[in-house]
Each structure stands twice: as structure tokens, then as C-alpha cells.
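*Asks:*
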Amino acid sequence: MADITERLEKARAYVAERAGLTPKVGIVLGSGLGDFASRAKIVSEVPYADIPEFPQSTVEGHKGQFVFGYLGSTPVVIMQGRVHYYEGYPMEDVVMPARLMGLLGAETLLLTNASGGINRSFKGGDIMLITDHIAALVPNPLLGRNIDRLGTRFPDMSEVYDSVLRNAVIKAAEELGIDLKQGVYCQLTGPSYETPAEVRMLGKLGADAVGMSTAVEAIAARHMGLKVCGISLVTNMAAGISQTQLSHEEVKQAADAAGKKFGDLLEKVIADM
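Those letters in the sequence shown? Residues 1 to 273, by the UniProt record's numbering.
1) With DSSP as the reference, label lysine 41 as helix, strand or coil.
2) Say whether the region 46–62 touches the region 14–33, bearing in mind that this needs 3 or more beta-carbon pairs closer than 8 Å, one atom from each stretch.
3) Going residue by residue through the region 178–248, where are the continuous alpha helix (DSSP H) segments of at least 4 residues, counting only ones entirely within it?
4) Let's see if you can read the secondary structure: which residues bound the alpha helix (DSSP H) around methionine 128?
5) Which one of Gly64, Lys63 and Ile78 has the shortest CA to CA distance from tyrosine 70?
6) Just the Cα atoms here: how many angstroms apart are methionine 181 and isoleucine 127?
7) Alpha carbon to alpha carbon, how far is serine 158 from leucine 120? Give it in angstroms, no decimals.
8) Could you tell me the alpha carbon to alpha carbon distance between leucine 8 and alanine 239, rounded to whole angstroms?
9) Please tell me whether alanine 168 and valine 269 are closer than 9 Å, where the distance is taken between their beta carbons.
10) Once you ignore the five residues that flank glycine 20 on each side, which residues in its own chain have a CB closer than 7 Å to its CB?
11) Is proline 75 helix, strand or coil by DSSP?
12) Taking all protein chains shown into account, do 16 or more other C-beta atoms lie within 10 angstroms of the C-beta of threonine 112, making it buried, or fewer, making it exposed?
13) Grouping DSSP H, G and I as helix and E and B as strand, with all else coil, what is methionine 1?
14) I believe alanine 215 touches tyrosine 185 by the beta-carbon criterion, under 8 Å. Please report the beta-carbon distance rounded to the nearest angstrom.
15) With which residues is isoleucine 27 paired in a DSSP beta bridge?
16) Which residues in the same chain have their Cβ closer than 7 Å to the Cβ of aspartate 162, if we skip the five residues on either side of it in sequence?
17) Would you decide whether glutamine 80 is buried or exposed? Buried here means 16 or more other CB atoms lie within 10 Å of its CB.
18) Out of curiosity, what's the CA-to-CA distance linking lysine 260 and phenylalanine 36?
19) Quick check: the Cα distance between glutamine 56 and valine 199, rounded to an integer number of angstroms?
20) Hey, quick one: how far does the alpha helix (DSSP H) through isoleucine 170 stretch, first residue to last?
21) Leucine 143 and aspartate 264 look like a contact to me (Cβ under 8 Å); what is the Cβ gap, rounded to whole Å?
22) Can you grab the Cα-Cα spacing for the pair alanine 106 / glutamate 249, in whole Å?
23) Could you spell out the range, first to last residue, of the alpha helix (DSSP H) harbouring alanine 98?
24) Could you tell me which of Ser31, Tyr86, Ala98 and Tyr89 sits nearest to valine 25, measuring between CA atoms?
25) Just to confirm before moving on: does the CB-CB distance between isoleucine 147 and serine 232 stay below 9 Å?
26) Alpha carbon to alpha carbon, how far is alanine 271 from methionine 212? Give it in angstroms, no decimals.
27) What does a CB cutoff of less than 6 Å around glycine 190 pick up in its chain, not counting 5 residues either side in sequence?
28) If you drop the 5 nearest sequence neighbours on each side, which residues of the same chain put their C-beta closer than 8 Å to that of isoleucine 4?
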């Protein structure tokens, strides 16, 4: 397979020719949230399978395409289905879509996901604004030769999740009457859910929610200088806190149930930009 810089350029050229617009905001839709794209005035759709040397999403419920369009007057690119490390891809492939959105013109990246709640004040169906993350338990996406075109060798991560964007989400949630939680998100590799002992460990490390994506995408985006915002749908409480066994079906059902509320929040945040 070609070098990642060559692959990125091939993908950029292919998608840019078919996009129909230059996006200002990139949006990554987590499990069960793919229907959000229907809110946009769609200009074009580009399946991942058509993009040269591009990783494919294999998870049920992830459509696997970029949707280009407008939310209000804002040109956006929406990622319906992300690529996860647990699917067997190297980390450079996992963050390739986020990097591609930046190369296509996106200046802001909105990351969404489904997560398990660790903070005992949370409950299934809550929406959590990500204030910071713990990514030390997964491979860093910047390992290996630095791509100087994208960013510096040692990027600062003092504020991964942009404070201005966080304040915009808080304001939008207040106006919509949404009880918005805030907290630290931890990414693990998956695909198995965490054990009760691991959940207790993560709580002691300061995590409020845990999942299998997002943090590495945020690191890659910040490396490129993009502004990042992360919002997590707490679909269930994590193992040892939840009284029931965890399943992907439960995650999808909870995401579907909260989809409208979550979509309303995303749409308002983008409209207010």
C-alpha cells in the first residue's frame, strides 16, 4: 500500500472533484446517529468504497460514506460511519478520514460518539460535552514519521476541545432545554466492553465516560490545527455500574431514542457558528 501522504492526496483529489462544495465544518457521526445527515441540504454523497485506498467501515449501523451539503448556510461534510482501531486497521487509517476532511477545507471538526457512563451521576440517554480526554491507553495516531505538511512533530494538547466551541454547545443546550453533562472521555481499543475492574480504574483516572473512538481523531485534527468539539451520547452505564449485560443492540436502541435531541443540539450549534 502507498505511503499515507500519497494515499491522502489521492483521496483528497478524488473526493474534492465530487464534493460540489468546500466544507467549513466536518462532522463525524457515531453509532446510531447516521440519520443526522438527512437534516442537511445534500449536494453530493461519496461512498468510502469508491475512494482510492480508503479504509472501509465494517460496523453494523455505519453507512460508510461522506455526505456534502449545507446546514443552514454552513457548508459541511458529514461522515456517516467512522473507522475504528478494533476493526483491524492501523491507526494511520483510523484517522485518515479526519485528516481528509481537514485537507478538503474543514476548519472545525465536530466529533460525536456513543459511550458508556462511568460518572455515577449520569444515566443512559444523557448527552455529555467532552471537556478533555484520556488517550494514553491506545496507540497515538502521530507515531512514526511526522507529516510536516499536516503539523509539527510535537503538537501541544493543552486544549484539544476548543473552549469557544464548548461554550457554544453549552449555550445551545440551554436554549433547547437540554440537560447537558460535561466530562472527560476515555478511549480504549475495544471491541470487548470494559470489565467492572477496568471501569473502576478509569473512574480513578478521572474518566466520566468510555468508548472506542474519538480521542485519536481529535489528536490528529489538532495536529492539523483544526478546532475540535466532542459530544458523547451516554447510551448506557458501564460494566459494574449497569445492572444488565452490555450489547451493541442496546447502544443502537439508546442512540435511536436520543437521536432527535442529539440532532437538534448539533444542528443548532452549527447554525449559530
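Note that CB positions come from ideal geometry on N, CA and C, so glycine has one too.
*Replies:* Let me spell this out:
1) Start at 1 with the first residue of the sequence shown, and residue 41 comes out as number 41. Lysine 41 falls in the strand class under three-state DSSP.
2) yes
3) 196–205 and 215–223
4) Here the question's residue 128 lines up with position 128 in the sequence shown. Careful: methionine 128 lies outside any alpha helix (DSSP H), inside the beta strand (DSSP E) at 126–134.
5) Translated into positions along the sequence shown, residue 70 becomes position 70. That would be Ile78, whose Cα lies nearest to the Cα of tyrosine 70.
6) Indexing the sequence shown from 1 puts residue 181 at position 181. Indexing the sequence shown from 1 puts residue 127 at position 127. This sequence places lysine at residue 181; methionine is not what is there. Going by the C-alpha atoms only, they are around 6 Å apart.
7) Residue mapping note: residue 120 aligns to position 120 of the sequence shown, counting from 1. Residue mapping note: residue 158 aligns to position 158 of the sequence shown, counting from 1. Going by the sequence as given, residue 120 is arginine instead of leucine. So the two alpha carbons sit approximately 27 Å from each other.
8) Counting from one through the sequence shown, the residue named residue 8 turns up at place 8. Counting from one through the sequence shown, the residue named residue 239 turns up at place 239. Straight-line Cα distance between these residues: approximately 38 Å.
9) Within the sequence shown, the letter at position 168 stands for residue 168. Within the sequence shown, the letter at position 269 stands for residue 269. It is a contact, given that the beta carbons lie within the stated cut-off.
10) The residue you call residue 20 lines up with position 20 of the sequence shown. Answer for glycine 20: Val43, Ser44 and Phe68, listed in chain order.
11) Taking the sequence shown and counting its residues from 1, the one referred to as residue 75 is at position 75. Residue state, collapsed to three classes: strand.
12) Here residue 112 refers to the residue found at position 112 when the sequence shown is read from its first residue. Label assigned to threonine 112: buried.
13) Looking up residue 1 in the sequence shown gives position 1. Only weak support is given to the placement of methionine 1: the predicted model assigns it a pLDDT of 48, under 50, and the question is left unresolved by the model.
14) On the sequence shown, position 215 is the one that residue 215 refers to. On the sequence shown, position 185 is the one that residue 185 refers to. Rounded, the Cβ-Cβ distance is 7 Å, consistent with contact.
15) By one-based count along the sequence shown, residue 27 stands at place 27. For isoleucine 27, which the question treats as bridged, DSSP gives the partners Ile78 and Leu110.
16) Locating residue 162 in the sequence shown gives position 162, counting from the first residue. Same-chain partners within the cutoff: Lys227, Val228 and Cys229.
17) Taking the first residue of the sequence shown as 1, we reach residue 80 at position 80. The residue is buried, with at least 16 neighbouring Cβ atoms inside 10 Å.
18) For this step, residue 260 is matched to residue 260 along the sequence shown. For this step, residue 36 is matched to residue 36 along the sequence shown. Computed Cα separation, rounded: 8 Å.
19) Here residue 56 refers to the residue found at position 56 when the sequence shown is read from its first residue. Here residue 199 refers to the residue found at position 199 when the sequence shown is read from its first residue. Approximately 30 Å, taken between the alpha carbons.
20) If you number the sequence shown from 1, residue 170 lands on position 170. Per DSSP, isoleucine 170 belongs to the alpha helix (DSSP H) from 163–176.
21) One-based indexing of the sequence shown puts residue 143 at position 143. One-based indexing of the sequence shown puts residue 264 at position 264. Beta-carbon to beta-carbon, leucine 143 and aspartate 264 are separated by about 38 Å, too far to satisfy the 8 Å threshold.
22) On the sequence shown, residue 106 is found 106 positions in, with the first residue counted as 1. On the sequence shown, residue 249 is found 249 positions in, with the first residue counted as 1. Roughly 33 Å between the two C-alpha positions.
23) On the sequence shown, residue 98 is found 98 positions in, with the first residue counted as 1. Looking at the DSSP string, the run of the alpha helix (DSSP H) that includes alanine 98 is 96–103.
24) Here residue 25 refers to the residue found at position 25 when the sequence shown is read from its first residue. When each option's Cα is compared against that of valine 25, the closest is Ala98.
25) Indexing the sequence shown from 1 puts residue 147 at position 147. Indexing the sequence shown from 1 puts residue 232 at position 232. No, the Cβ-Cβ distance between isoleucine 147 and serine 232 is not below 9 Å.
26) Taking the first residue of the sequence shown as 1, we reach residue 212 at position 212. Taking the first residue of the sequence shown as 1, we reach residue 271 at position 271. Using only the alpha carbons, I get a separation of about 29 Å.
27) Along the sequence shown, one-based indexing puts residue 190 at 190. Contacts found: Tyr86 and Met212.
28) Working through the sequence shown from its first residue, we reach residue 4 at position 4. The answer, listed in chain order, is Glu92, Met96 and Ile147.
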